[in-house]
Amino acid sequence: MKKLLAFFVIIINVKAFSQESVSSNKKDEKVNLIYDSPYPEGAYGFRHKFYEILDRDKVNEKGIIKSEATFIVTSEGKITNIKATGTSISMNNEMERAITEMNKFKWFPKKLNGKPIDSKYRLPVTITFAED
625 MKKLLAFFVI
635 IINVKAFSQE
645 SVSSNKKDEK
655 VNLIYDSPYP
665 EGAYGFRHKF
675 YEILDRDKVN
685 EKGIIKSEAT
695 FIVTSEGKIT
705 NIKATGTSIS
715 MNNEMERAIT
725 EMNKFKWFPK
735 KLNGKPIDSK
745 YRLPVTITFA
755 ED
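Residue numbers for the sequence shown follow my numbering, beginning at 625 and rising by one.
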C-alpha cells in the first residue's frame, strides 16, 4: 500500500522536465527548440523508470518528504551536475543515486537551430511515507 501511495503522489505532484528558457541575442534568428522529453521513453517513461529505481527503503524519514533534483542533459546525451535539495538528506542522496543510474541510457538533448545543446532540468518530488 505504501508503494502504491508513493507512486500516485509522484505521478500527481511531479512536474518532470521543467525547463529554463533559452534567450537569443538575435531577434530575427529562428529558434527551433525541442520541448519533448529528453528521456528515450518520454516524460511518463522517465517518471515510471525513476520510481522503479528509487529505493524508498533507503529514505529514513516518515511523513511528507519534499525534494527537488536538478541536472543537465549535455549535447552528447549524458546527464551531469546532478544535485538534489530538500528536507531529507537520505531522500536527496537517493534521488541523486536514482538519476545517476538512469545515466546509462542515451538521452535526447534539446536542439537550438538544429544543433544539440546542453539543457537544465528539474524534478520536484513529494512523497508521503506512512507511519508503520
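Heads up, the beta-carbon is just placed ideally off N, CA and C, and yes, glycines get one too.
These figures come from a predicted structure and were not determined experimentally.
Pro662 classed as buried or exposed, judged by whether at least 16 other C-beta atoms fall within 10 angstroms: When all chains shown are included, Pro662 counts as buried.
Per DSSP, cross-strand counterpart(s) of Ala708: Note: Ala708 sits in a beta bridge opposite Ala693.
Ile658 in three-state terms, based on DSSP: Reliability fails at Ile658, whose pLDDT of 42 lies under 50, so the model's placement of it is uncertain and the value that follows must be treated cautiously. Coil.
For Thr752: DSSP bridge partner residues: Bridge partners of Thr752 according to DSSP: Ile688.
Environment of Pro664 [buried if 16+ CB atoms lie within 10 Å]: Exposed is the call here.
Residue burial classification, Ser714 (beta-carbon count within 10 angstroms, cutoff 16): Looking at its Cβ environment, which holds fewer than 16 other Cβ atoms inside 10 Å, Ser714 is exposed.
Continuous alpha helix (DSSP H) stretch holding Lys682: start and end: Segment: none, Lys682 is in no alpha helix (DSSP H) and carries neither H nor E.
Counted within 10 angstroms of its Cβ, other Cβ atoms place Ile688 as buried (16 or more) or exposed: Ile688 should be labelled exposed.
Buried or exposed by the 16-neighbour rule on C-beta atoms within 10 Å, applied to Glu615: The shown model of the chain, from 625 to 756, leaves out residue 615, and the question about it has no answer.
Contact under 8 Å by Cβ, Phe753 with Val683: In this structure, Val683 lies closer than 8 Å to Phe753 by Cβ.
Nearest-angstrom Cβ-Cβ length linking Thr709 and Ser691, presumed shorter than 8 Å: Right, their Cβ atoms sit about 7 Å apart.
Span of the beta strand (DSSP E), counted from its first residue to its last, around Lys734: Element bounds for Lys734: 734–736.
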